[in-house]
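K.L.:
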Amino acid sequence: MNIENMEAFVYIHHYGSFNKAAEILFLSQPSVTARIQSLERELGCKLFERLGRQIILTEEGRRFLPYAQQMLQVLQKGKQRIQTVRTTPEELTIGCTLSVSNYVIPELLPRLKQQYPHTNVKLVTATTDQLVSRLLGKELDIAFVRKMLHPSIRTVSSYEDPISLYVYRDHPFATEQPTSIAALEQQKLVFFECGSLDWLRIHRVFETMESPPEIAFQVDQAETAKKLVLQQAGIAFLPGLSVHEEVKAGLLVRIHLPEIESISLQTSLVTLKEQPAHMTAAMAELLRDLDYFRSQRQSNPSMAQPAAITG
């Protein structure tokens, strides 16, 4: 079956005009008409009919359309794949969680591209379970995931991101910092719930209080929680990476509470054990050099420092 005939068929349907399809395909209208007639002879049916000035699909045309579209899409993907192999010395597919995509990747990828200018990067954002599944299926080269163990996966590097209480700059805590979590009893809280065991520890701390804070908003994205705090809708426990820029700008203030000082989120850079380690090792080094981790090492060498791991 002639692919050019199907291309003409799909374009006529899309634009509702033989003339427009001919213009897009750089053909004359008689040539486009000839292609449709050839396709109709091959299929043994009429594909279009006229309704006044309109060109519409026949019942047979409607049935055939999705298959024609799919064939064109497959052909286009094949062409792109060939072109990629010809022009791209290397392609790297990176998987990451949403927080890594928001707060690490925008600084990391330009540095990676500078070091490997001929490597093109494809980014996939998903949950840890989905990323591990795709890594095992060899759909990803490397991935940033929550802490995990798997016999086929090697952890190349990991970092801990401390969770702290953050308030907007005009909040009373910004000038008179509380010394205990008991001070939160009368506060409205924006609670970012990411499903981690570390967050459950915060809930358990609340259970020790006579009057726990009011959870006014419970959200599943750090970015949403942060914006609610900036709008003074409440205060929130957030990972340091998510508010790094706002703290530097003085828009948010970190509150030190001894009850949660040890709580943090751990993220690991992983790859399959059978994969070469040079690219992941390079990414681990770049990760250590990001602004956030440099500042954390200066203020607290034991936290938020990406560490190399073997095995």
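Sequential numbering from 286 applies to the sequence shown in our numbering. Even for Gly, the Cβ is constructed at its ideal location relative to N, Cα and C.
Does DSSP put residue 426 in a helix, in a strand, or in coil?
P.N.:
coil
K.L.:
I need the DSSP call for residue 460, collapsed to helix, strand or coil.
P.N.:
Here residue 460 carries a coil assignment [DSSP, helix/strand/coil].
K.L.:
Using only CA atoms, which one of 300, 477 and 385 lies nearest to residue 577?
P.N.:
385
K.L.:
Residue range of the alpha helix (DSSP H) that residue 476 falls in?
P.N.:
No alpha helix (DSSP H) contains residue 476, which is instead part of the beta strand (DSSP E) from 473-477.
K.L.:
Among 323, 510 and 435, which residue has its Cα nearest to the Cα of residue 520?
P.N.:
Checked all of 323, 510 and 435; the closest Cα to residue 520 is 510.
K.L.:
May I have the straight-line CA-CA distance separating residue 436 from residue 527, to the nearest angstrom?
P.N.:
31 Å
K.L.:
May I ask you to report which of helix, strand or coil DSSP gives residue 354?
P.N.:
helix
K.L.:
Per DSSP, which one or two residues make a beta bridge with residue 447?
P.N.:
Residue 447 pairs with 549.
K.L.:
Take residue 517 and list the residues in its own chain whose beta-carbon comes closer than 6 Å to its own, dropping the five residues that flank it on each side.
P.N.:
453
K.L.:
Going by Cα to Cα distance, which pick from 465, 514 and 566 is closest to residue 428?
P.N.:
566
K.L.:
In terms of residue numbering, what span does the beta strand (DSSP E) encompassing residue 508 cover?
P.N.:
Under the DSSP assignment, residue 508 falls outside any beta strand (DSSP E), being part of the alpha helix (DSSP H) whose first and last residues are 507-515.
K.L.:
According to DSSP, simplified to helix, strand and coil, what is residue 485?
P.N.:
helix
K.L.:
Evaluate the contact criterion for the segment 447-467 versus the segment 538-547: three or more CB pairs, one atom per stretch, below 8 Å.
P.N.:
yes
K.L.:
Helix, strand or coil for residue 290, going by three-state DSSP, please let me know.
P.N.:
helix
K.L.:
Counting Cβ pairs, one atom from each stretch, are 3 or more of them under 8 Å apart for the segment 375-392 and the segment 416-428?
P.N.:
yes
K.L.:
Distance check for residue 355 and residue 337, CA to CA, integer angstroms please.
P.N.:
Answer to the nearest angstrom: the Cα atoms are 30 Å apart.
K.L.:
Tell me the DSSP bridge mates of residue 312?
P.N.:
According to DSSP, which records beta bridges pairwise, residue 312 is partnered with nothing at all.
K.L.:
Within a Cβ cutoff of 8 Å, which residues of the same chain sit near residue 300, ignoring the five residues on either side of it in sequence?
P.N.:
306 and 309
K.L.:
Between which two residues does the alpha helix (DSSP H) holding residue 390 run?
P.N.:
The continuous alpha helix (DSSP H) containing residue 390 extends over residues 390-400.
K.L.:
Under 8 Å by Cβ, that's how I've got residue 332 and residue 342 pegged, so tell me the actual separation to the nearest angstrom.
P.N.:
7 Å
K.L.:
Residue 312 and residue 287: beta carbons closer than 9 Å?
P.N.:
no
K.L.:
For residue 512 and residue 563, what's the separation of their Cα atoms in angstroms?
P.N.:
38 Å
K.L.:
Nearest to residue 496 by alpha carbon, out of 469, 522 and 441?
P.N.:
469
K.L.:
In whole angstroms, what is the alpha-carbon distance linking residue 547 and residue 478?
P.N.:
Straight-line Cα distance between these residues: approximately 18 Å.
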